[in-house]
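K.L.:
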Amino acid sequence: MKNKIYDAFDKIKADDSLKRNTENFISKKISNKSKFHRRLMLKRVLAFACVLLILLGIGGYKTYYTEASTISIDINPSIEIGLNYFDRVISVKGFGEDAGNIVKNIDIKNKKYLDAINSLMKAECLQRFVSEKCTIMFTVVTDKNKEERMVNNIKGGLHYKKESIVCYLGNKQYVEQAHVEGLSVGKYRAYLQLSKLNSEITIDDIRNLSMREIQAMINSYSKK
Amino acid sequence: MRSEIEAERAISLYADTVKRICFLYMKNNSDTEDIFQNVFWKYVLHSVEFENQEHEKAWIIRVTINECKNILKSFFRTKTTVLDEIGEQPDIVKEDYSYVLDAVLGLQKKYKDVVYLFYYEGYSAVEIAKILSKNVNTVYTLLSRARLILKEKLGGGIFEK
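Those sequence lines, one after another, are chains A and B.
When we follow this note's numbering, the leftmost residue of the first sequence carries the number 1180, and every step to the right adds one.
When we follow this note's numbering, the leftmost residue of the second sequence carries the number 110, and every step to the right adds one.
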């Protein structure tokens, strides 16, 4: 419906400068918002990259220092080496005073386990415990798919008399139990084997015995 | 967020409508320019799709009216007087109809939008009620009263061509 009110208002128009100013204002705002968003996105990407690098670094560090396998070397003394996923030594534990002294005087960390064990066996501080008749017992605790290879490597790769080397496989759950009792996993495994043959034997009975002595007890009870 | 091209399209379609609503409320060009910028920036940021052009226009009208009211309500505005308001007259209208515009502008605030939306934009009372978020009966009442006031001031002829 056209009327005078319509005609009056119809004369009112937005002039070109008003429209142009508004367009320029909008264009600037859109451009600033895009720049802001780009800067924000860049900051977010950089922050994410930093966090990722840190996590990878932490993750890498953690992975390297996560114990994946344990090899117990028992003569008397008992020494346990912890290996990471790359089969490198990340921890060395000595059980008992003698073992503790040996561990203090050797540096086998970060070595591959065979090199580490060979270095250990050659160490002067260990030599006085090693005799012609002694038995060196290795107990390997690792993933099922690595057990055979590790045992074969130890038997075939050591620069030592093969007839004195005995290898056993150990159970991962025994590692913690052994440490609670203050024993290496190898000696603990031997104790478990002995206690099955004679339930009266306690951990303290065998704590200071050599592996040769423990093995002799096992042999003796087995014959009965 | 809408693009620059969409903003330019909206400005070319609705600039006159926004200007007219500003004319009802504002008395100076700088406020009108502020409202223009606010209304079309809100349009750019409004991400919801409009059903059609009528829906879009109704949205622009509603936002413009709200922007005008916000500026009038602002603390700065109520406590100060804009210098360029004094003596500024809208010189964009030919003399023929200035008396009509004066009469409409002289109405109370509550009548101005309904008169403009009904007599210029051609919206029905129901549509006006939706745009202004008012009760339909209220709109009818406002229109009827505004009509009486304008008839008294200008004679009955203003509602006829």
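Here a beta-carbon is modelled for each residue, glycine too, at the ideal position from N, C-alpha and C.
What's the gap between the Cα of glycine 231 of chain B and the Cα of valine 223 of chain B?
P.N.:
In the second sequence, the residue the question calls residue 231 of chain B occupies position 122. In the second sequence, the residue the question calls residue 223 of chain B occupies position 114. Their backbone Cα atoms lie some 10 Å apart in a straight line.
K.L.:
Secondary structure at aspartate 1253 of chain A, three-state DSSP: helix, strand or coil?
P.N.:
Here residue 1253 of chain A refers to the residue found at position 74 of the first sequence. In the structure shown, aspartate 1253 of chain A sits in a strand (DSSP, three-state: E or B).
K.L.:
Can you grab the Cα-Cα spacing for the pair leucine 1262 of chain A / glycine 1365 of chain A, in whole Å?
P.N.:
Along the first sequence, one-based indexing puts residue 1262 of chain A at 83. Along the first sequence, one-based indexing puts residue 1365 of chain A at 186. Their Cα atoms are separated by approximately 15 Å.
K.L.:
Leaving out five residues on either side along the sequence, give the residues of the same chain with a beta carbon under 6 Å from the beta carbon of lysine 221 of chain B.
P.N.:
Residue numbering aside, residue 221 of chain B sits at position 112 when the second sequence is read from its first letter. So the list reads Leu133, once near-sequence residues are dropped.
K.L.:
Specify, as a first and last residue, the run of the beta strand (DSSP E) that serine 1313 of chain A falls within.
P.N.:
Taking the first sequence and counting its residues from 1, the one referred to as residue 1313 of chain A is at position 134. Residue 1313 of chain A is actually cysteine in this sequence, not serine. Here cysteine 1313 of chain A belongs to no beta strand (DSSP E), and DSSP marks it neither H nor E.
K.L.:
Could you spell out the range, first to last residue, of the beta strand (DSSP E) harbouring tyrosine 1347 of chain A?
P.N.:
In the first sequence, the residue the question calls residue 1347 of chain A occupies position 168. 1344-1348 is the span of the beta strand (DSSP E), which, as asked, contains tyrosine 1347 of chain A.
K.L.:
Would a check of beta-carbon distances place alanine 1226 of chain A closer than 8 Å to chain B?
P.N.:
For the purposes of this step, residue 1226 of chain A is identified with residue 47 of the first sequence, where counting begins at 1. No, alanine 1226 of chain A does not count as interfacial toward chain B.
K.L.:
In chain order, what are the residue ranges of uninterrupted beta strand (DSSP E) at least 3 long that sit wholly in the region 1247-1299 of chain A?
P.N.:
1248-1253, 1257-1262, 1268-1274
K.L.:
If you measure from the beta carbon of phenylalanine 1204 of chain A to each beta carbon in chain B, is any gap under 8 Å?
P.N.:
Here residue 1204 of chain A corresponds to residue number 25 of the first sequence, with the count starting at 1. True, the Cβ-Cβ gap to chain B drops below 8 Å.
K.L.:
By DSSP's criteria, valine 1404 of chain A is part of a beta bridge. Which residues make up the other side?
P.N.:
Summary: the structure shown does not reach residue 1404 of chain A, with chain A confined to residues 1180 through 1403, and so no result is reported for it.
K.L.:
Under 8 Å Cβ-Cβ, which residues of chain A neighbour valine 153 of chain B?
P.N.:
Counting from one through the second sequence, the residue named residue 153 of chain B turns up at place 44. Near valine 153 of chain B (Cβ distances below 8 Å), the residues of chain A are Ile1205, Lys1208, Ile1209.
K.L.:
Starting from the C-beta of threonine 141 of chain B, find all residues in its chain whose C-beta is less than 6 Å away, skip the five residues before and the five after it, and write them out in chain order.
P.N.:
For the purposes of this step, residue 141 of chain B is taken as residue 32 along the second sequence, with counting starting at 1. So the list reads Cys131, Met135, once near-sequence residues are dropped.
K.L.:
Let me check understanding here. Comparing Cα to Cα, which of B:Val213, B:Glu165, B:Tyr229 lies closest to lysine 262 of chain B?
P.N.:
Here residue 262 of chain B refers to the residue found at position 153 of the second sequence. Of the listed residues, the one whose Cα sits closest to lysine 262 of chain B is B:Val213.
K.L.:
Which one of B:Val153, B:Tyr229, B:Ser253 has the shortest CA to CA distance from lysine 1183 of chain A?
P.N.:
Mapped onto the first sequence, residue 1183 of chain A falls at position 4. When only C-alpha atoms are compared, the closest one is B:Tyr229.
K.L.:
Where does isoleucine 1191 of chain A sit, in a helix, a strand or coil, going by DSSP?
P.N.:
Residue 1191 of chain A sits at position 12 when you count from the first residue of the first sequence. Three-state DSSP puts isoleucine 1191 of chain A in coil, outside helix and strand.
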